[in-house]
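Reading through the structure tokens given below for one structure.
Residue numbers (the UniProt record's numbering): 1 to 368.
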């Protein structure tokens, strides 16, 4: 476990237990520290700038977002349930962490659970725990995420994806302040603040009967709606510059700067993926930049989308798909000085896929 294993299992493996372990590993891979299983997130020091650590801090230059943060600080000391709505990639989890960090529970755990990542049967055990022998493969007692979050905050991400039967059990936890482990005979008291997020219109789900109305009222004591990035244009150049500096340092690219007009063009884009998309685009631009400036073509990695004419085949020649693929891999490897991990990220494929492609080329007598 010290070397980074997500779980330890001994044979024989029950299907449900194996599926739960795999799903938990997938869910937690890549999560920021402070998620379930990680040490509690430390409270922000007094007067610390929000820009210090963007993995845990909400970065903004938007008056609309500043107003949201001010409201978050005002409600943070209470234990009232919070419901955060907004598109994917807008920073809903960051806002949840911000509320936790400014609450009286900041010294306690912050446990995040993605309700869309597990099937109903596994999510029930994950949330509420189980006793030994509760089901096939339950070889020992396991505390659920609510128990792990005792004295702190639990984040129920994508709450609208929770099955109706689990919604009823969650409602009881909110009403009674206790959980019933699977196979248990006595309830376990928990002291947990619940913050929920969703990228769906939750009232529409209530009207359709997909989400319990009584649970909605329990969760929606303090509502927040995080605006999309296109609705807070001040944040686009601000965040772009922040991520440029961050990735230049991370990848040791020196002092790259955005070429003239690039920030203005970025501000005009719709950013359907919001801050997450902007972050990935800037990371790509830092890796692809060939001189001291990051161009629009570097950021978009698509000359046609950037409005720049790309090289055309002579006459009516059309490049075959495998030739185009080979050219893209060559370009990515050249831009990343042969670093396969960074090249795979630029190409949007896994390192294993890239490795297999290169092996195919070697067998064909071509070394990229």
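The C-beta atom is built at its ideal place from N, Cα and C for all residues, glycine as well.
Return the first residue and the last residue of the beta strand (DSSP E) that residue i is part of.
| i | result |
| --- | --- |
| residue 223 | 222 to 225 |
| residue 198 | 193 to 198 |
Locate the alpha helix (DSSP H) running through residue i, then write down its first and last residues.
| i | result |
| --- | --- |
| residue 185 | Run containing residue 185: none; DSSP gives neither H nor E here. |
| residue 71 | 63 to 75 |
| residue 172 | 164 to 176 |
| residue 99 | 92 to 101 |
| residue 148 | 145 to 148 |
| residue 360 | 351 to 363 |
| residue 140 | Taken as a continuous stretch (DSSP letters only), residue 140 belongs to no alpha helix (DSSP H), as it is neither H nor E. |
| residue 345 | 340 to 347 |
Under 7 Å, do residue i and residue j count as touching if we go by C-beta distance?
| i | j | result |
| --- | --- | --- |
| residue 190 | residue 145 | no |
| residue 183 | residue 234 | no |
| residue 346 | residue 287 | yes |
| residue 236 | residue 203 | no |
| residue 171 | residue 215 | yes |
| residue 196 | residue 156 | yes |
| residue 228 | residue 87 | yes |
| residue 108 | residue 177 | no |
| residue 98 | residue 59 | no |
| residue 410 | residue 226 | Summary: the structure shown does not reach residue 410, with the chain confined to residues 1 through 368, and so no result is reported for it. |
| residue 181 | residue 261 | no |
| residue 239 | residue 278 | yes |
| residue 271 | residue 244 | no |
| residue 358 | residue 343 | no |
| residue 160 | residue 105 | no |
| residue 162 | residue 115 | yes |
| residue 84 | residue 217 | no |
| residue 76 | residue 221 | no |
Run through the DSSP bridge pairs and tell me what residue i is partnered with.
| i | result |
| --- | --- |
| residue 114 | 157 |
| residue 294 | 258 |
| residue 121 | According to DSSP, which records beta bridges pairwise, residue 121 is partnered with nothing at all. |
| residue 83 | 196 and 223 |
Quick check on the burial criterion: 16 or more other C-beta atoms within 10 angstroms. Buried or exposed for residue i?
| i | result |
| --- | --- |
| residue 232 | buried |
| residue 72 | buried |
| residue 369 | Residue 369 cannot be examined here, being either before or after the span of the chain that is shown, 1 to 368. |
| residue 350 | exposed |
| residue 369 | This structure does not reach residue 369, given that the chain is present from 1 up to 368, and the question cannot be answered. |
| residue 264 | exposed |
| residue 33 | Confidence is the limiting factor: at residue 33 the pLDDT is only 35, short of 50, which leaves the residue's position unreliable and the question unanswerable from this model. |
| residue 335 | buried |
| residue 175 | exposed |
| residue 327 | exposed |
| residue 295 | buried |
| residue 213 | exposed |
| residue 373 | Since the displayed the chain opens at 1 and closes at 368, residue 373 lies outside it and no answer follows. |
| residue 298 | buried |
| residue 258 | buried |
| residue 185 | exposed |
| residue 247 | buried |
| residue 62 | buried |
| residue 40 | Here the model assigns residue 40 a pLDDT of 32, short of 50, so the residue's position is not dependable, and the following value carries that caveat. So residue 40 ends up on the buried side. |
| residue 283 | buried |
| residue 362 | exposed |
| residue 138 | buried |
| residue 304 | Because the pLDDT of residue 304 is 39, which lies under 50, any placement of that residue in the model is unreliable, and the number read from its coordinates should be weighed accordingly. Label assigned to residue 304: exposed. |
| residue 356 | exposed |
| residue 208 | exposed |
| residue 140 | exposed |
| residue 268 | exposed |
| residue 338 | exposed |
| residue 348 | exposed |
| residue 96 | buried |
Just checking residue i against the ligand ATP - is the residue's beta carbon closer than 6 Å to any of the ligand's heavy atoms?
| i | result |
| --- | --- |
| residue 109 | Looking at this structure, you won't find the ligand ATP or any other ligand, since it has none at all. |
Next item on the list: Only counting runs of 3 or more residues, tell me where the beta strand (DSSP E) segments fall wholly within the segment 200 to 279, in order along the chain.
Entry: The beta strand (DSSP E) runs lying completely inside the segment 200 to 279 and spanning 3 residues or more are 222 to 225, given in chain order.
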